[in-house]
Amino acid sequence: MVNTSHMERPDLKIEMFRRLISADGAFVSGQEISQEFGVSRTSIWKHVKALRRDGCRIEAVPRSGYRLQANPDLLLPFSMRAKLRTKTIGQRIHHFASLKSTQAVAHRLAQQGEPEGAVVIAEEQSGGRGRWGRSFFSPPGGLWFSLILRPPLQPQAALTLTLMAGVAVAEATKRLGTLPLLLKWPNDVFIGGKKVAGILGEMIAEVDVLRYVILGIGVNVNVRSESFPPDLRDTATSLSLELGHDASRSEFLCRVLEHFEAYYGLLLAHGVRPVLDAWRSLPSILGSEVSAETPEGPVQGKALDIDEQGALMVEAAAGKVVRVLAGDIHLLRLKGTT
Ligand code: BTN
3 MVNTSHMERP DLKIEMFRRL ISADGAFVSG QEISQEFGVS RTSIWKHVKA LRRDGCRIEA
63 VPRSGYRLQA NPDLLLPFSM RAKLRTKTIG QRIHHFASLK STQAVAHRLA QQGEPEGAVV
123 IAEEQSGGRG RWGRSFFSPP GGLWFSLILR PPLQPQAALT LTLMAGVAVA EATKRLGTLP
183 LLLKWPNDVF IGGKKVAGIL GEMIAEVDVL RYVILGIGVN VNVRSESFPP DLRDTATSLS
243 LELGHDASRS EFLCRVLEHF EAYYGLLLAH GVRPVLDAWR SLPSILGSEV SAETPEGPVQ
303 GKALDIDEQG ALMVEAAAGK VVRVLAGDIH LLRLKGTT
């Protein structure tokens, strides 16, 4: 029989981390944990060293125990699992220091059978992908991740899923404070007229069924103004710039995934209505004057509503209502301004 008492156990590492965080700067007794889990104190020490290697600053004091000196904002699987209150979304996390794009890795994993809810995170991306083949600036300090979904839905539902991701990001943002938030259809999140987050929905589908969907979500959480390339400085912002202080990326990610899971459950149980209503209830371009570049040509007018499929209804010239199912929207005049 193998003696496993000294081996590294992921569950114990998570539990240690959880307790150190909940102790809120107080000491956690190594002896108590070792007794509770039926492992040696050497094993506990081994897990503390593993946490230190992951970037946690943990003080060890004989007879007092262990204390977290600084709560590190780690996006590593074990620290996320200690904080995340979801059942499936985000319960599997693949974390990378640097990737070309989390989308590519998520597609590969999905093709290999990775289950629904798995998330691919990169601390930075060298070739971040945006909508319409654009590149997406993704330096360290931001949150760049792709979520794998396998919804038992028709391909038309994919747009609703991307709207839902926008709602989840907007709701997580709202919890940080009162910010002049705006959802730009289909799913960009703006603060004070500048883009703070973008969402890229990609799907592999057959005519009547979705095989899988990859939702790529990029949020400028703690991106400094000087980090933005000159061509983005007037149009992009970050949560830290708007708040005046850094925000916790791990907390933010947890909130996004939790909101997403709640809406995903509603979508599967009750259809698109709750998601569309949530989108409508947030500050958005609805009621504003927009121009849309669509595959069918340009459309200009007032954004009236989103329909049952999530398409944007625009009241164009002579009161003609145009349904925009795909396109790039420019805000010409915000509702309530002259
Ligand atoms: C857009 O605004 O055009 C969509 C941007 C989507 C960016 C995210 S960051 C994580 C994921 N990986 C990528 O390469 N793109 C998405």
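End of the sequence shown = 340 in this note's numbering, gap-free, step of one.
Think of the CB as a built atom: it goes at the ideal place given N, C-alpha and C, for glycine as much as any other residue.
Only a predicted model underlies this, so the values are computations on that prediction, with no experimental measurement involved.
- Counting along the chain, H97 sits inside the beta strand (DSSP E) bounded by residues I95 to L101.
- Taken from the Cβ of F19, every heavy atom of the ligand BTN lies 7 Å or farther away.
- Annotation: D279 is outside any beta strand (DSSP E); the continuous alpha helix (DSSP H) that includes it extends over R275 to S283.
- For S103, the closest alpha carbon among the candidates P141, R83, K89 and A52 is that of P141.
- For the set G273, P276 and M315, the Cα lying nearest the Cα of V292 is the one of M315.
- The segment 167 to 183 makes no contact with the segment 119 to 139; the number of CB pairs closer than 8 Å stays below 3.
- L101 and K322 have their alpha carbons spaced roughly 46 Å apart.
- Closer than 7 Å to some heavy atom of the ligand BTN: that does not describe the Cβ of F230.
- By the Cβ-count criterion, A28 is exposed, with fewer than 16 other Cβ atoms from all chains shown falling within 10 Å of its own Cβ.
- Residue side-chain check: T104 places its Cβ nearer than 7 Å to a non-hydrogen atom of the ligand BTN.
- Counted as a single uninterrupted DSSP element, the beta strand (DSSP E) harbouring P300 occupies residues G299 to I308.
- With a threshold of 7 Å, the Cβ atom of R136 counts as near the ligand BTN, since some heavy atom of the ligand is closer than that.
- A heavy atom of the ligand BTN is found nearer than 7 Å to the CB of R131.
- DSSP, reduced to helix, strand and coil, places V191 within a strand of the structure shown.
- The straight-line gap separating the alpha-carbon atoms of G195 and I308 is approximately 21 Å.
- When only Cα atoms are considered, P154 and E208 end up about 12 Å apart.
- In the structure shown, H109 adopts helical secondary structure according to DSSP, grouped into three states.
- Under the three-state reduction of DSSP output, A328 falls in the coil class, being neither helix nor strand.
- Three or more Cβ pairs closer than 8 Å define a contact, and the segment 109 to 124 falls short of that threshold against the segment 53 to 63.
- Judged by DSSP in its simplified three-state form, E34 adopts helix.
- Between the segment 153 to 169 and the segment 227 to 244, the count of Cβ pairs shorter than 8 Å is below three; the stretches do not touch.
- The three-state secondary structure of Q156, taken from DSSP, is coil.
- The Cβ-Cβ distance between L217 and A249 does not fall below 8 Å.
- In this model, L149 and A120 are separated by some 6 Å (Cα to Cα).
- For G220, the Cβ falls inside the 7 Å cut-off from some heavy atom of the ligand BTN.
- DSSP places F147 in the uninterrupted beta strand (DSSP E) bounded by L145 to L151.
- Under DSSP, S137 takes part in a beta bridge, and its partners are R131.
- Beta-carbon to beta-carbon, Q33 and R43 are separated by about 6 Å, close enough to satisfy the 8 Å threshold.
- Within a 10 Å sphere around the beta-carbon of I287 sit 16 or more other beta-carbons, which makes this residue buried.
- Around G289, the same chain offers K337 as residues with beta carbons nearer than 6 Å, after the five sequence neighbours per side are excluded.
- At least one heavy atom of the ligand BTN is found less than 7 Å from the C-beta of L202.
- In this chain, the beta strand (DSSP E) harbouring V316 covers L314 to E317.
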